[in-house]
Structure formats: structure tokens, C-alpha cells
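Numbering (the UniProt record's numbering), first residue to last: 1 to 342.
Yeah, the Cβ is synthetic: ideal placement off N, Cα and C, and Gly gets one too.
What follows is a short report on a single structure.
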Amino acid sequence: MSDEDDQDDTEPEQDDLEKEDDKDTEEWEDYKKEGEDLSEEWPPTPLTEEMMKEGLSMLCKTGNGLAHAYVKLDLKDRDLTDISLLCSYIHLRYVDISENHLTDLTPLNNLTHLLWLKADGNQLRSAQLNELPYLQIASFAYNQITDTEGITHPRLASLDLKGNRIQVVTGLDPEKLKSLHTLELRANQLYTTVGINLPKLKKLFLGQNMLKKVEGLENLSDLTTLHLRDNHIETLSGFSKEMQSLQYLNLRGNSISSVGELAKLRELPKLRALVLLENPCTDETDYRQEALVQMPHLERLDKEFYEEEERAEADEIRQRIKDEQEQEPEPEHDLDPDQSSM
């Protein structure tokens, strides 16, 4: 887990991000299909000591170093409905309880040494837990969570809430989430980006929602990666020069109809990679060239790097437009009566 910060310093290649995006889209479709066939009623299946023995691993020193305890627990896909037994396993640091039928995670409140939690694919309606002082990575993907309230872990670096039922982000306090740099909210029901006021955020994933525009992200000055794929975005208003670190922007599968909208991305000084596939504007003549004219620093559009010839041509067009603007005649002023008689 200590390598997480080091990995963050290197931005993934666009191809890797695109492959990850496609994989997550397929995963979400499969999950929805599977969910249609599942009943919400499950026979009670409490966690047992026998299951614990099978799932525990990684013996480590605890406390003053004289005692030892297992710190890793894998309980994935055990049909569990009750994990009350976990209350007494206070030394656990890595816990995977995904693919069960859990509705209550309160037994985890006792695990004050927890570093890593994966609770995907359960029946959870909330991700709220007591403040866990060392929790760094938490995943609650593919549950039935409806809000983001009560998430206050001070060292939390990555939070995954993909595939839930969240409509609006509330309760994410930047003072309590000072370490959060990756927020995953794909495949929810978001209709607004207001509420994501986390200045330390570096990666934000908002694809497969119901967004029509970007708003309220002005304070994300450290954001480098923004995914907005498969929404209903029609305008590129809302991007601010305060988003000075943004390098990768994915707008694939939206409703941007005019290439002229790209002029609104000039405010992003570090934007290097842009994805606009499956938008109406990509059918316009010279779409690729126009994008580079509007954004001289762009290195890659969709899946292709710009060639030097394209750059030179865009420079010429940009210079020609500038010259034409400078040569436009000054507007004529009406002459004074005295002058007209001279």
C-alpha cells in the first residue's frame, strides 16, 4: 500500500485509460444483467470462525512487536449476510468482503488499523463508517448506495463508488478528506457535478451518468484526469483556468454538436489529451484540424497523436486568423456637423 503515492506521480497512457474505460463499461453491463436475475432475499449466512480460518493470511507483528496477528482477510463470494464476528479481529489491515449480500458494515468500525477495504457487489445503501484513521483505499462499487455522506477518513486516498445510485454528491468535506486524490463515480445517476469540492483531487471518473454540463469544479486545481464519457453533455462551458493541472479529458459519447465549443477549453493550459469520439461534432469537416487550431498545446486527439505537418498547418491557420483580425478596419464614426461643412 505504501507504493500508492509513488504510482500516482506517473500518469497512465491514454490507451491504458481507454482500455480500462471499455472494460468497466462491459463490467457494468454484465453486473446489471446479473442483478436482474437475483432476488433481494437471502438466507441468513453469518460469518463463522471456520470461514475466518480459511480467509486469514499475512502474519505480522503488532503493538510493541512482541505479539503477532493475521492482518489480511479474504471473504469474497461467501454469500455472507452478517459479519458481526469481525468486531473482535481488531488487527486486520486488508479486508475483502466483496460479492456477498451484506447490508451492514458497522462491525468494521472496530478495525482501527484498517488500511484497505473492498466491499464491492453487496447490498449496501451507505458507505458511512466511523472515522478509520489509517484507511487509504476503499471500494464500494456495485452496491445500492444513494449518497456520499459520512465518509471522513483523513488518510483516504482512493474512493470507489462506481455502479451505485448516487444522484448528487454531498458531504465530502475537503477538510476531512485532505488525502483523497482519486474519486470513482462512474455508472451512477448523477445529474450535476456540484458538490465535488476537493482541491487535492487528481483523478475524477464521472462516466455513464446523466450529466448535461460541467459545473462547480473550479477549485480542482490539482486535477490531472477527468472522465466524462457516456453522459449527455452539450456544452463545454464550466471549464475554468483554475483547473490548471488538467492533462487528460475524456468526453466520448456525449452530445457536443459544434466544434466551436472547443474554444472553451483554451482555459486549460496543460490539456494534452482529449477524447471526443462519438460526439456529433466529430462529423464536421476539418474537425481534427479545428481542434488543434483552438488548442495549440494539444498532443493527442481521440487515439492519435498530432503529426508535425498538422501542427504547422494549424499554426498557419491561427496566424492567418490573427492577421485578418488585425487588418479589420476601425469602425467609422459619424462626422461632427462642423467637420462635414469644411
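Secondary-structure assignment with DSSP links P46 through a beta bridge to D82. Ranked by Cα distance from D283, the options K303, S257, P329, R272 are led by S257. Secondary structure note for A69: it is in no alpha helix (DSSP H), and the uninterrupted beta strand (DSSP E) holding it is 67–74. Per DSSP, the unbroken alpha helix (DSSP H) holding E316 starts and ends at 308–327.
In the structure shown, the three-state DSSP call for T282 is helix.
Nearest neighbour of L161 by Cα position, chosen from E278, L117, L108, turns out to be L117. Here DSSP, grouped into helix, strand and coil, assigns V259 to helix.
Cβ-Cβ distances below 8 Å link P133 to T112, H153, P154, R155 in the same chain, with the five nearest sequence neighbours on each side left out; the list follows chain order.
Residue pairing from DSSP leaves E242 without any beta-bridge partner. Within its own chain, the residues whose Cβ lies closer than 8 Å to the Cβ of L211, once the five positions on either side in sequence are excluded, are L190, Y191, T192, T193, L228, N231, H232, I233, listed in chain order.
Between L223 and L206, the gap from beta carbon to beta carbon reaches 8 Å or more.
A Cβ-Cβ distance of about 6 Å is found for the pair L92 and V71, placing them in contact under the 8 Å criterion. For T45, the CB contacts under 6 Å within the same chain, skipping 5 residues up- and downstream, are D79, L80, T81 in chain order. Contact between T225 and G195 does not hold, since their C-beta atoms are separated by about 19 Å, which reaches or exceeds 8 Å. For A141, the three-state secondary structure derived from DSSP is coil. Assignment of N250 by DSSP, reduced to helix, strand and coil, places it in the strand class. Annotation for A273: no alpha helix (DSSP H) segment contains it, though the beta strand (DSSP E) segment containing it runs 273–275.
For V95, the enclosing beta strand (DSSP E) covers residues 94–96.
Taking each of N64, E316, L47 in turn and checking the Cα distance to L85, the smallest one comes out for L47. Nearest to D302 by C-alpha distance, out of L262, P43, L274, E267, is L274. Rounded to the nearest angstrom, the gap between the Cα atoms of V214 and S237 is 7 Å. Sorting L159, R125, D120 by C-alpha distance to the C-alpha of A138 places L159 at the top. Shown here, L117 sits in a strand according to DSSP, grouped into three states. About 6 Å separates the Cβ atoms of L115 and Y94, confirming a contact at the 8 Å cut-off.
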